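Residue numbers (UniProt numbering), protein chains in the order written: chain A, 1 to 473; chain B, 1 to 504.
First the structure, in the form of structure tokens, and then the observations on it.
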């Protein structure tokens, strides 16, 4: 039985874990221990963080009010991510949160789009997404709960400063830090942590939320699988730029010769992270090395690694928070009752698959890039990829289908949006799309477009929504 | 590079359930210029063990636009709300595997976890008391489910029991109306292309030649194309599922009552199915020929009927297992030619349906790239293995004292995938579904609990709730469900009013 839990790392990961476990195990003693340095519990990817749709309901379930969080964390809303320079030096595309187009019967929209393209009608998938069009015109309102309305066809993520997020999570947990980390004690497992005043903190189960340093998991035989052969960026530089005005309702990932730049817009400024490959770009000021990969066994003995201590994948999307959220849910459902139970093995199996699927999604952006003539990107296009991803790419290229594996964080629609944005075109479309007459297809596409454009016209600007909620002066 | 031309002609070999289900679904391609031909011979008998189904069949019928009542009326069909397992755990024991969900989750905690906790305190009924399908089936009642999530009836799910021969006939009419060409004849010879060993055509007795680009093997156990012609190979699962024969017989209905469920009764060397239709009852005894003679198996069957037999019992021989590749070259095996699992959980028709669904999604072009084939085979393997594990569970987790078969089943090494599931559930009632599993959590829970595997503990989140409040919630759920079940019409009355069988 777990009676006490120790959490090392008082950042976003640590406080999110504290809040989740406080709720799940009201009787347990939870000790949160601070560590040195900036909060890299989700990786050194900038002072701002982005979430995928789904975090808002987790927050609500855990007593965190969305408006209060955004106020404390200079936050705003997000409808997706704009990618520039990936499909080609001058090309850009948008990955929206929400559906793209609508099927006819059982024939998916991208199959209909392929048929229209084959008939000589070029189109962009994002033009049939409400989230993409609203983002492009700087508008935001929360989705409608009415499933019949087109305003229910999208979701939203949040942008926030990680310090503000950590503080709000801490307040919701009702806990204070137990002290500052000095060293871990114990050989086979962790028996206790010595804190700065020399006192010792003990616990039945330890959560390592200390980021890439992995102060606890790194001491145990937990293994590490490197993904550097597929994800070439090995340096990160965090930045913050003061900017006045209304932040756009989407994040930006801009590729250049040596890597890419992430921008998460917040109220009053932009959080930046420069990710690059040191073999292709000279050392940049403020750079820290990053090792992308995952722990072989995130749960080893009495230590569970969470966040960047468990897996580090560059932040092309808001997956780092989502992985943490899912890991906590999984951990709580598998809290052990006996020392040698089957739970850690099951936890590790699921956690590893989920991380591997996110890895594949990240590699996809490199493998399908269109930056001809840039050595880093030429090399990425030519590289062999993991078999699971190769199978996906082959099947998509052949006929626009995507196999789904266990524990996928990103759904097939998102994969297709990326593939299509990068310019990958299947050789053949769904035969059922050929059974639909072309005029019917064209009418279907223009109707969707009209309905969406009409709905976006009626939406408030992002700035107006932020002001109404007291998030922007 | 120009892409290879799309498929323009599909030939289905073999009628029966698999052949006509495929033909009916493939009619959707006809407007795109694809020809669909089905070759069958009236002289070849079809195997009709799969007369009971599971809820996904409703989506297959819906895809075709079939009216439920019309279809029930023309197939002697009845409603199925679940399966009753008699004597499986031990003699004189009974449990049900109902369709539909148990209770309601409470603040994100699974219902079965809350139930487990209260059960420990002696404050919860058997879990069936919290499933509306289980209550309705036991009461012999039925009412169609509704989609309004606020209604208790939305917690229901149903499938059908029907005469598979009539179902095939029904689909034949549907398919022929929409342009499928049926050719009567027996296949004499299957020539292969010299270049790549693909099937070139099927040649019928009397030398009629039927050319095609894609061939679908629905020839049942004979596997005329996939095995006799292409020699694809068979993987046996007989070490786990040792029953290798069935003796089957229809019997007269015992009275006006028609049970809205299938019954599976364990015997010393196997088990017996009972599938009620509108006009009669289908029965069969699945057994292990190493443990019992055919004569003794037939006697057991006849001794356990609840109505007079309507013909002489007939024997079927089979082996549990799968074709090594359900899709080989330009041939796809559907139904018994692709694999066999005994009808304990009524999955035969579903496996056909799911094969068709995958085929439509992965329809090849004339280039027949390995990519689609490999994906089809990968998905088929995963699904068959999951169903296999679920069936093995019924045999493995038994406490029966009679018969060597049951001892062997208890003691055998089971697949790792099933072992992990059992360990997690036994420990604390935890459950993780694998990718796209056919049987949902509630099905596994019904059978795990039914077979006597009570988790040792429960989700610690359930401890955060107050026992008195929980007990009150559970008794309210039970009352609501029981009231809803009692308010439904009797199943046979509902059938008589909405879908009375007509002589076709």
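Built from N, CA and C at the ideal position, the CB exists for glycine as well.
All values derive from a computational prediction rather than experimental measurement.
How big is the Cα-Cα spacing for residue i and residue j?
i	j	result
residue 178 (chain A)	residue 390 (chain B)	48 Å
residue 429 (chain B)	residue 347 (chain A)	15 Å
residue 185 (chain A)	residue 315 (chain A)	33 Å
residue 459 (chain B)	residue 333 (chain A)	7 Å
residue 273 (chain A)	residue 43 (chain A)	10 Å
residue 411 (chain B)	residue 240 (chain B)	11 Å
residue 262 (chain A)	residue 236 (chain A)	10 Å
residue 137 (chain B)	residue 405 (chain A)	36 Å
residue 31 (chain B)	residue 437 (chain A)	9 Å
residue 223 (chain A)	residue 212 (chain A)	14 Å
residue 418 (chain B)	residue 45 (chain B)	36 Å
residue 388 (chain B)	residue 341 (chain B)	7 Å
residue 398 (chain B)	residue 319 (chain B)	22 Å
residue 140 (chain B)	residue 122 (chain B)	28 Å
Please work out which residues of its chain come closer than 6 Å, Cβ to Cβ, to residue i, disregarding the five sequence neighbours upstream and downstream, and give them in chain order.
i	result
residue 275 (chain B)	51, 52, 161, 262 and 282
residue 127 (chain A)	none
residue 344 (chain A)	299
residue 229 (chain B)	190
residue 164 (chain A)	72 and 73
residue 103 (chain A)	109
residue 215 (chain A)	8
residue 504 (chain B)	In this prediction, residue 504 (chain B) scores a pLDDT of 44, lower than 50, which makes its location untrustworthy; the coordinate-derived value is nonetheless stated afterwards. For residue 504 (chain B), where only same-chain residues beyond five positions count, the Cβ hits under 6 Å are 74.
residue 183 (chain A)	194
residue 5 (chain B)	366
residue 84 (chain B)	96, 261 and 263
Buried or exposed: residue i, going by 16 or more other Cβ atoms within 10 Å of its Cβ?
i	result
residue 33 (chain B)	exposed
residue 310 (chain B)	exposed
residue 89 (chain B)	buried
residue 302 (chain A)	buried
residue 148 (chain B)	exposed
residue 482 (chain A)	With chain A covering 1 to 473 only, the question about residue 482 (chain A) has no answer from this structure.
residue 440 (chain A)	exposed
residue 202 (chain B)	buried
residue 293 (chain B)	exposed
residue 87 (chain B)	buried
residue 516 (chain B)	This structure gives no information on residue 516 (chain B), because the portion of chain B shown stretches from 1 to 504.
residue 472 (chain B)	exposed
What did DSSP end up calling residue i once you bin it into helix, strand or coil?
i	result
residue 168 (chain A)	helix
residue 112 (chain A)	helix
residue 107 (chain B)	coil
residue 475 (chain B)	helix
residue 133 (chain B)	helix
residue 4 (chain B)	coil
residue 192 (chain A)	strand
residue 358 (chain A)	helix
residue 274 (chain A)	strand
residue 120 (chain B)	helix
residue 283 (chain B)	strand
residue 347 (chain A)	helix
residue 240 (chain B)	coil
Kindly list the residues whose CB is nearer than 7 Å to the CB of residue i, restricted to its own chain and excluding five residues on each side of it in sequence; keep chain order.
i	result
residue 227 (chain A)	292, 293 and 359
residue 130 (chain A)	98, 150, 153, 154, 452, 455 and 456
residue 298 (chain B)	247 and 313
residue 252 (chain B)	280, 307, 308 and 310
residue 109 (chain B)	459, 461 and 462
For residue i, which residues in the same chain have their Cβ closer than 8 Å to its Cβ, ignoring the five residues on either side in sequence?
i	result
residue 146 (chain A)	152
For a test of your reading of the model: does the CB of residue i fall under 8 Å from any non-hydrogen atom of the ligand FMN? Yes or no.
i	result
residue 147 (chain B)	Questions concerning the ligand FMN fall outside what the structure shown contains, since it holds no ligand whatsoever.
Item to complete: Quick one: which residues of the segment 340–366 of chain A get their C-beta closer than 9 Å to a C-beta of chain D? List them in chain order.
Response: The structure shown contains no chain D; the protein chains it does contain are A and B.
Worksheet item: What residues from the segment 438–456 of chain A come within 8 Å of chain B, judged by C-beta to C-beta, listed N to C?
Response: none
Worksheet item: What residues from the segment 453–464 of chain B come within 9 Å of chain A, judged by C-beta to C-beta, listed N to C?
Response: 456, 457, 459, 460, 461, 463 and 464
Worksheet item: Taking Cβ-Cβ distances below 7 Å as the criterion, which residues of the segment 417–441 of chain A are in contact with chain B?
Response: 427, 428, 431, 432, 434 and 435
Fill in: Where the segment 140–164 of chain A meets chain B: residues whose CB sits under 9 Å from a CB there
none
Discussion item. To be precise: take each residue of the segment 344–363 of chain B, compare its Cβ to all Cβ atoms of chain A, and keep it if any distance is under 8 Å. Which residues remain?
Written reply: 360, 361, 362 and 363
Worksheet item: When you check each C-beta in the segment 361–392 of chain B against every C-beta of chain A, which residues fall closer than 7 Å?
Response: 361, 362, 363, 365, 369, 371, 372 and 375
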